[in-house]
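**Q**
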Amino acid sequence: MTSDPSDANGPNYKPIAFILILLSTILMVMPVRRIVIEVSEFGLRQFIVPVLIAIGLPMLGALVGAFLRFRGPGGRLFGITLGIFIAGLLLMALLAYWWFYSLTNF
């Protein structure tokens, strides 16, 4: 029987990872909702860049997070959720920018 290297004597990251999953879900609802509404209203061709950003940023965050090294139970899950959480923060910042841009440039 082989031992899993993530089961080392490190801290348990599982509770923090599940909290980050919840926060990431909450953060990504608004940007994705706005893009889905605008795409269904105006078509995909006009909003291809925001759609690619909304899809690609969480995937990039998960990819980067997968390579982070946290020792302990749930360390890899914590790295992935940390990457997705940071991507969610960036999506909220982009949503704020898009909203401000739409207000100032008619």
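Under UniProt numbering, the sequence shown has 102 at position 102, and the numbering climbs by one with no breaks. By construction, the Cβ of each residue, glycine as well, lies at the ideal position given by its N, Cα and C atoms.
Could you tell me the distance, in whole angstroms, from the CA atom of I84 to the CA atom of R76?
**A** The alpha-carbon atoms of I84 and R76 are separated by roughly 13 Å.
**Q** Check whether chain D comes within 8 Å of T81, counting only Cβ atoms and requiring the distance to be less than that.
**A** Although the question refers to chain D, the structure presented lacks it and comprises just one protein chain.
**Q** Considering only residues of the same chain and omitting the five flanking positions on each side of I80, which have a CB-CB separation below 6 Å?
**A** Counting only Cβ-Cβ distances below 6 Å, and skipping sequence neighbours, we find A62, G65 and A66.
**Q** Among residues of its own chain, excluding the 5 on either side of I86, which ones have a beta-carbon nearer than 7 Å to its beta-carbon?
**A** Excluding positions up to five away in sequence, the list reads G61.
**Q** Could you check if I35 is buried or exposed, using at least 16 other CB atoms within 10 Å of its CB as the buried criterion?
**A** Buried: at least 16 other Cβ atoms inside 10 Å.
**Q** For the alpha helix (DSSP H) that contains P15, what are its first and last residues?
**A** K14 to F42 is the extent of the alpha helix (DSSP H) around P15.
**Q** Ordered along the chain, which non-local residues of its own chain (more than five positions away) have a Cβ less than 6 Å from that of S3?
**A** Only weak support is given to the placement of S3: the predicted model assigns it a pLDDT of 48, under 50, and the value that follows is read from those uncertain coordinates. Nothing meets the Cβ criterion.
**Q** Taking L68 and L82 to be in contact with their CB atoms under 8 Å, please state how far apart those CB atoms are, rounded to whole angstroms.
**A** Indeed they touch by this definition, with Cβ atoms about 7 Å apart.
**Q** Is I53 a contact residue of the ligand SAH, with contact defined as CB to any heavy atom under 7 Å?
**A** Among the components modelled here there is no ligand, and therefore nothing to report on the ligand SAH.
**Q** By Cβ distance below 8 Å, which residues in the same chain neighbour I55 in space, the five residues on each side in sequence not counted?
**A** Within the same chain, I55 has no close Cβ partners at all.
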